[in-house]
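2 protein chains.
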Amino acid sequence: MTAQGAQGGTFLVPEHTDVTEAESLHRGGNCQDVSEILARVGDKWSVLIVMMLGSGPRRFNELKRMVGGISQRMLTLTLRGLERDGLVTRTIYPTIPPRVDYALTDLGHSLSEPVKALGAWAIENKATIRQAREAFDARRDEAQDWGGRRFG
Amino acid sequence: MTAQGAQGGTFLVPEHTDVTEAESLHRGGNCQDVSEILARVGDKWSVLIVMMLGSGPRRFNELKRMVGGISQRMLTLTLRGLERDGLVTRTIYPTIPPRVDYALTDLGHSLSEPVKALGAWAIENKATIRQAREAFDARRDEAQDWGGRRFG
DNA sequence: CGGGATCCCCAATGATACTG
DNA sequence: CAGTATCATTGGGGATCCCG
Chain E
246 MTAQGAQGGT
256 FLVPEHTDVT
266 EAESLHRGGN
276 CQDVSEILAR
286 VGDKWSVLIV
296 MMLGSGPRRF
306 NELKRMVGGI
316 SQRMLTLTLR
326 GLERDGLVTR
336 TIYPTIPPRV
346 DYALTDLGHS
356 LSEPVKALGA
366 WAIENKATIR
376 QAREAFDARR
386 DEAQDWGGRR
396 FG
Chain R
246 MTAQGAQGGT
256 FLVPEHTDVT
266 EAESLHRGGN
276 CQDVSEILAR
286 VGDKWSVLIV
296 MMLGSGPRRF
306 NELKRMVGGI
316 SQRMLTLTLR
326 GLERDGLVTR
336 TIYPTIPPRV
346 DYALTDLGHS
356 LSEPVKALGA
366 WAIENKATIR
376 QAREAFDARR
386 DEAQDWGGRR
396 FG
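So the sequence lines, in the order shown, correspond to chains E and R. Sequential numbering from 246 applies to the first sequence in the numbering used here. Sequential numbering from 246 applies to the second sequence in the numbering used here.
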């Protein structure tokens with residue numbers, strides 16, 4: 246599909262149903278299936294925590310401090326979710342005071358690879374994105390000026 | 246995390262506070278900064294749309310059909326957000342009926358790489374995760390049984 | 001220290017209708 | 001077709017208290 250002119254009307258969409266998943270990923274087919282998993286992965290907190298745990302096991306409050314800005318509730322819920330998905334293990338040391346260590350499973354580590362790549366991208370392009378946003382917003386404000394000024 | 250058994254009392258946690266950001270990324274330091282960017286990336290719809298656009302420019306309703314399940318409102322908002330961040334371009338063809346093409350910018354393409362890696366991981370481990378979830382839930386239900394049964 | 005239970009609120013998202 | 005505007009919903013997520 247290269248030579249698509251401006252054919253305004255309806256166009257045919259091939260029944261993109263039974264493609265193999267492996268292929269559909271790279272071609273942009275029915276990615277709805279992935280969204281379910283990506284929802285977990287894409288979750289703001291999950292990603293951060295997986296990144297944190299990439300460097301080794303951490304304790305609850307240790308994670309809380311590292312993430313910064315997460316409530317204990319969300320930390321608990323997120324860790325539970327990750328545990329449920331088999332991405333982290335929860336090890337309880339029945340000491341006093343109690344101690345709980347969270348660590349990535351093998352699956353978790355395998356996830357941390359693409360996640361770290363994403364994190365690296367984020368850091369690498371942080372400035373660029375910020376600039377793009379400011380430029381976009383500036384353009385928008387400008388546009389509002391026109392609308393606001395009754396061409397006086 | 247090999248030795249240290251259950252050493253009951255208080256124990257020392259090294260003051261892991263003043264790491265540099267560059268180092269913190271790979272080691273799991275204070276990644277809060279990244280979360281802002283990751284929030285956009287991690288957004289369910291954004292990720293899917295970036296994946297869709299990875300295979301070339303798409304029209305509005307084309308994307309809507311491909312994503313499947315997204316409301317036109319969310320599609321508009323998501324695309325605006327991506328445009329604002331300099332990840333996609335919006336090209337209007339003043340034809341009748343109107344036509345708008347969305348395409349990844351260079352920045353968008355650079356993002357699509359790690360995103361595709363993540364998608365690949367998601368597909369690859371979809372089954373494993375589903376199993377882990379079922380196992381976890383089964384364990385939880387089991388536990389609830391104990392609570393329910395008054396040790397008959 | 002780790003975390004369950006509760007209350008509460010607002011931002012994210014969907015549904016619907018209208019416009020160019 | 002591509003979007004904007006409005007309304008209704010809901011559940012994500014913070015604050016707080018309490019327990020083992």
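Even glycine gets a Cβ: it sits at the ideal position worked out from N, Cα and C.
Exposure label - R318 of chain E; buried when at least 16 CB within 10 Å
Sequence index remark: in the first sequence, residue 318 of chain E carries index 73 (1-based). Burial call: exposed.
For P221 of chain R, count neighbouring C-beta atoms within 10 Å of its own C-beta (all shown protein chains included) and say buried if the count is 16 or more, exposed if not.
Look at the range of chain R in this structure, 246 to 397, and you will see that residue 221 of chain R is not part of it.
Rounded to whole angstroms, what is the Cα-Cα separation between G364 of chain R and I294 of chain E?
Start at 1 with the first residue of the second sequence, and residue 364 of chain R comes out as number 119. Start at 1 with the first residue of the first sequence, and residue 294 of chain E comes out as number 49. Spanning the two alpha carbons is a distance of roughly 19 angstroms.
At the level of alpha carbons, what is the spacing between E387 of chain R and E281 of chain R?
Within the second sequence, the letter at position 142 stands for residue 387 of chain R. Within the second sequence, the letter at position 36 stands for residue 281 of chain R. About 39 angstroms.
Less than 8 angstroms between the beta carbons of G331 of chain E and T373 of chain R, yes or no?
Translated into positions along the first sequence, residue 331 of chain E becomes position 86. Translated into positions along the second sequence, residue 373 of chain R becomes position 128. Contact: yes.
Residue(s) in a DSSP beta bridge with I337 of chain R:
Taking the first residue of the second sequence as position 1, residue 337 of chain R is located at position 92. Paired residues: R:V345.
Backbone CA spacing between L322 of chain E and I337 of chain R [nearest angstrom]:
To locate residue 322 of chain E, count along the first sequence from 1; it is residue 77. To locate residue 337 of chain R, count along the second sequence from 1; it is residue 92. Cα-Cα distance, rounded: 44 angstroms.
Any heavy atom of the ligand NAP closer than 7 angstroms to the CB of R325 of chain E?
What this structure holds is no ligand at all, so the ligand NAP is not there to describe.
Against chain R: residues of the stretch 362-392 of chain E by CB proximity under 7 angstroms:
Correct list: A362, L363, G364, A365, W366, A367, I368, N370, K371, T373, I374, A377, R378, F381.
Contact criterion: CB-CB distance below 8 angstroms. Does A284 of chain R meet it with respect to chain E?
Counting from 1 along the second sequence, the entry for residue 284 of chain R is found at position 39. Judged by the 8 angstroms Cβ criterion, A284 of chain R is in contact with chain E.
CA-CA distance, K361 of chain E and T340 of chain R?
The residue given as residue 361 of chain E occupies position 116 in the first sequence. The residue given as residue 340 of chain R occupies position 95 in the second sequence. Taken atom to atom, the span from the alpha-carbon of K361 of chain E to that of T340 of chain R is near 44 angstroms.
Could you check the C-alpha separation between F305 of chain R and I368 of chain E for me, to the nearest Å?
Taking the first residue of the second sequence as position 1, residue 305 of chain R is located at position 60. Taking the first residue of the first sequence as position 1, residue 368 of chain E is located at position 123. Rounded to the nearest angstrom, the gap between the Cα atoms of F305 of chain R and I368 of chain E is 30 angstroms.
Taking 8 angstroms as the cut-off, decide whether the C-beta atoms of R329 of chain E and A377 of chain R are in contact.
One-based indexing of the first sequence puts residue 329 of chain E at position 84. One-based indexing of the second sequence puts residue 377 of chain R at position 132. Result yes, Cβ atoms of R329 of chain E and A377 of chain R sit closer than 8 angstroms.
Taking only the alpha-carbon atoms, compute the straight-line gap between K438 of chain R and R335 of chain R and give it to the nearest angstrom.
No answer is possible for residue 438 of chain R: it lies beyond the span of chain R, which begins at 246 and ends at 397.
Mind checking who R304 of chain E pairs with in its DSSP beta bridge?
Mapped onto the first sequence, residue 304 of chain E falls at position 59. Looking at the DSSP assignment, R304 of chain E forms a beta bridge with E:D346.
Note down, in chain order, every chain E residue with its Cβ under 7 angstroms from the Cβ of S280 of chain R.
Counting from 1 along the second sequence, the entry for residue 280 of chain R is found at position 35. Those are K289, L293, listed as they occur along chain E.
For M297 of chain E, which residues from the same chain have a beta carbon less than 8 angstroms from its beta carbon, with the 5 sequence-adjacent residues on both sides left out?
Along the first sequence, read from residue 1 onward, the residue named residue 297 of chain E stands at position 52. Around M297 of chain E: R303, L308, M311, V312.
Where the alpha helix (DSSP H) through G364 of chain R begins and ends
Residue 364 of chain R sits at position 119 when you count from the first residue of the second sequence. Start and end: 351-369.
By a C-beta neighbour count over all protein chains shown, 10 Å radius and 16 as the cutoff for buried, is V345 of chain R buried or exposed?
Position 100 of the second sequence holds residue 345 of chain R. Under this definition V345 of chain R is an exposed residue.
Give me the Cα-Cα distance between R285 of chain E and L352 of chain E, rounded to the nearest whole angstrom.
Counted from its first residue, the first sequence places residue 285 of chain E at position 40. Counted from its first residue, the first sequence places residue 352 of chain E at position 107. L352 of chain E has its alpha-carbon roughly 14 angstroms from the corresponding atom of R285 of chain E.
For E358 of chain R, which option in E:S355, E:W366, E:L283 has the closest C-alpha, if you only look at C-alpha atoms?
The count along the second sequence starts at 1 and reaches residue 358 of chain R at position 113. Ranking E:S355, E:W366, E:L283 by Cα distance to E358 of chain R puts E:W366 first.
For chain R, is any of its Cβ atoms less than 8 angstroms away from the one on E266 of chain E?
In the first sequence, the residue the question calls residue 266 of chain E occupies position 21. For E266 of chain E, the predicted structure reports a pLDDT of 44, less than 50, and the residue's modelled location is therefore unreliable. The matter cannot be settled from this model.
Need the endpoints of the alpha helix (DSSP H) that S316 of chain E sits in, please.
Locating residue 316 of chain E in the first sequence gives position 71, where the first residue counts as 1. Per DSSP, S316 of chain E belongs to no alpha helix (DSSP H) and is neither H nor E.
Assign S316 of chain R to one of two classes, buried (16 or more other C-beta atoms within 10 Å of its C-beta) or exposed (fewer than that).
What you label residue 316 of chain R is simply residue 71 of the second sequence in a count that begins at 1. S316 of chain R is exposed by the Cβ-count criterion.
Is the Cβ of G331 of chain E closer than 8 angstroms to any Cβ of chain R?
To locate residue 331 of chain E, count along the first sequence from 1; it is residue 86. So yes, G331 of chain E belongs to the interface.
List the residues of chain R that L352 of chain E touches, going by C-beta distances under 8 angstroms, in chain order.
By 1-based counting over the first sequence, the position of residue 352 of chain E is 107. Within chain R, the residues near L352 of chain E are N370, T373, I374, A377.
Does the beta-carbon of G314 of chain R have 16 or more other beta-carbons within 10 angstroms, so that it is buried, or is it exposed?
Position 69 of the second sequence, counted from the first residue, corresponds to residue 314 of chain R. That one is exposed.
Please decide whether L349 of chain R counts as near chain E, where near means a Cβ-Cβ distance under 8 angstroms.
The sequence position of residue 349 of chain R within the second sequence is 104, counting from 1. L349 of chain R does not count as touching chain E.
Can you tell me whether DSSP reads L416 of chain E as helix, strand or coil?
In the structure as shown, chain E starts at 246 and stops at 397, and residue 416 of chain E therefore has no counterpart that could be examined.
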